[in-house]
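Accompanying notes for the structure given below.
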Amino acid sequence: MATYDFDKELARIVRRLHRYSKHPINHELLAQAFHFSEEAHRNQLRKSGEPYFVHCVEVAKILCELRMDYVTIVGGLLHDVVEDTGVTIAEVQEKFGEEIAGLVDGVTKISELKFDSVEVRQAENFRKMLLSMVKDIRVILIKFADRLHNMRTIEYLPEKKQRRIALETREIYGPLAHRLGIGKVRWELEDLAFKTLAPQAYWNLVNKIAEKREEREAYLRRFTEPVRAALRDAGLPAKITGRPKHLYSIFQKMLSRDKSFEEIFDLLAVRIVVKRTEDCYFVLGIVHNLFTPVAERFKDYIATPKSNLYQSLHTTVVGAGGKMVEVQIRTAGATRKASRKPTSLTSSLPGCARCWSGSTTPTIRRSSWRTCGSICFKMRCSCSRPRAGSTSCRWAARRWISPLQCTPTSACIASAPK
């Protein structure tokens with residue numbers, strides 16, 4: 000178990016913020032939140048035996064990796080003080096302001112009400128989180144960081160609880176991160192959930208990938224040599240790398256296509272990154288001149304972006320020995336967006352996230368409403384309905400969220416199930 004020097008951790012967080020932040024950072028507020036949370040969690044331990052505050056620090060560090068503003072970092076440090084200590088939202092608001100109190104409240108689970116089942120409580124907590132997300136996108140980003148660190152340390156929990164949390168991660172948080180375009184978070188969450196839910200399949204896949212690594216890398220070097228030469232001759236600077244495939248996506252393809260590991264051809268994957276959008280199509284022409292393309296495997300996500308705004312050209316070509324290789328061609332900007340989108344969803348003003356109903360683009364807003372609706376629908380279908388006549392039944396019935404009612408003027412309107 001690692002030994003933590005919390006003062007050094009605070010200094011690291013500040014240094015990371017300065018590397019990417021274009022706006023002034025309120026160092027006093029950040030330090031105040033850090034020490035306030037440390038004191039609030041002082042006598043608490045995690046299941047691993049570590050001080051609970053370690054979790055808060057790790058959440059803040061993950062938010063730094065996602066290049067979030069200092070207000071979001073403060074929210075990450077304080078995200079559990081109301082739920083797990085005697086601190087109230089009113090105290091948070093008094094000490095840190097309404098904006099930060101709103102973030103903390105958005106990620107705080109409901110505790111003052113009784114529910115007939117764990118499933119109903121879970122659905123209601125998700126409803127609250129999603130409504131808060133519509134008001135301020137930073138709520139879900141803090142929740143992603145919280146869930147990511149919890150998944151990284153899930154082995155300390157009882158097996159039954161591990162499976163429940165992993166299933167929730169795979170079914171709710173993974174798709175939500177995907178819809179919001181935060182690929183880096185989605186991939187790790189799904190792989191960690193896969194590791195927990197199907198450990199034997201996970202480790203079998205890890206071992207098979209390790210066994211084939213040298214062979215795969217040698218083949219890709221031979222494949223990319225003529226591409227690099229053609230790009231040099233054309234005077235077009237480009238970065239060519241092997242494209243990592245996360246384990247859960249490989250496993251899904253094996254199941255959906257009913258194929259063995261050896262038959263999944265797009266394990267051989269290359270990414271070509273250029274400066275301009277028009278260069279993407281030029282590179283596509285070069286690749287198709289060098290190798291035979293598989294027509295039905297071509298996708299133009301630049302002309303028609305995915306719902307999460309992902310933009311890239313995808314093509315599959317036949318390489319030496321009849322092996323198929325998937326090639327992705329995109330700009331450097333699209334690569335940054337594909338791995339972590341949060342900075343494009345937040346305002347350029349310091350400490351202020353864009354509202355879904357306000358200054359974000361219509362495409363992002365439509366995506367968020369569809370996401371909210373589809374996830375609420377999934378929760379409603381998977382949760383046990385409250386018993387008729389019970390207090391929680393009458394209370395919860397008014398708060399089921401209909402996916403058809405997620406509209407620009409009212410992001411999520413409660414309605415009783417028919």
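Take 0 as the starting number for the sequence shown in numbering that gives the first Met the number 0 and just add one per residue.
Every residue gets a Cβ at the ideal spot worked out from N, C-alpha and C, and that includes glycine.
None of these values were measured; they are calculated from a predicted model.
Cβ shell of Ile139 (< 6 Å), same chain only, five flanking positions each side left out:
Within the same chain, and ignoring the five residues on either side of Ile139 in sequence, the residues whose Cβ sits closer than 6 Å to its Cβ are Met132.
Residues in its own chain within less than 6 Å of Val91 by CB, not counting five upstream and five downstream?
Ala100, Val103
Return helix, strand or coil for Glu37, following the three-state DSSP convention.
helix
Helix or strand or just coil, what does DSSP make of Arg227?
helix
Leu76 and Cys55 closer than 7 Å at C-beta
Yes, Cβ-Cβ distance for Leu76 and Cys55 is below 7 Å.
Reduced DSSP category for Val13 - H, G, I as helix; E, B as strand; rest coil:
Helix at Val13.
In chain order, what residues of the same chain lie with their CB nearer than 6 Å to the CB of Tyr172, ignoring the 5 residues before and after it?
Arg146, Leu188
Note down, in chain order, each residue of its chain lying with its Cβ closer than 6 Å to the Cβ of Arg18, except the 5 sequence neighbours on either side.
none
Note the first and the last residue of the continuous beta strand (DSSP E) segment covering Leu312.
312 to 317
Under DSSP, the beta strand (DSSP E) around Ile24 begins and ends at which residues?
No beta strand (DSSP E) contains Ile24, which DSSP labels as neither H nor E.
Just mark Val80 as buried or exposed, buried being the case when its beta carbon has 16 or more other beta carbons within 10 Å.
Buried is the call here.
In or out: Ser36 buried (at least 16 other Cβ within 10 Å) or exposed?
buried
With burial defined as no fewer than 16 other Cβ atoms inside 10 Å of the residue's Cβ, what is the status of Lys417: buried or exposed?
Low confidence applies here, because Lys417 scores a pLDDT of 31, under 50, leaving its location unreliable and the question unanswered by this model.
In chain order, what residues of the same chain lie with their CB nearer than 6 Å to the CB of Tyr201, ignoring the 5 residues before and after it?
Phe193, Lys194
Classification of Arg41 by the beta-carbon crowding that lies within 10 angstroms, buried from 16 upward
exposed
Under 7 Å between the Cβ atoms of Lys252 and Ile263?
yes
Pull the bridge partners of Ile328 from the DSSP assignment, please.
Partner residues in the beta bridge of Ile328, as assigned by DSSP, are Ile271, Leu312.
Determine the direct distance from the alpha carbon of Ile249 to that of Arg242, and round the result to whole angstroms.
13 Å
In terms of DSSP beta bridges, what is Pro292 paired with?
Partner(s): Val316.
Helix, strand or coil: which one does DSSP assign to Ser343?
Reliability of the predicted coordinates at Ser343 is poor, the pLDDT of 43 falling under 50, and the value obtained from them is presented with this limitation in mind. Helix.
Cα separation between Leu312 and Gly96?
Cα-Cα distance, rounded: 45 Å.
Which whole-angstrom value describes the C-beta separation of Asn124 and Lys108, a residue pair presumed to lie in contact below a C-beta threshold of 8 Å?
5 Å
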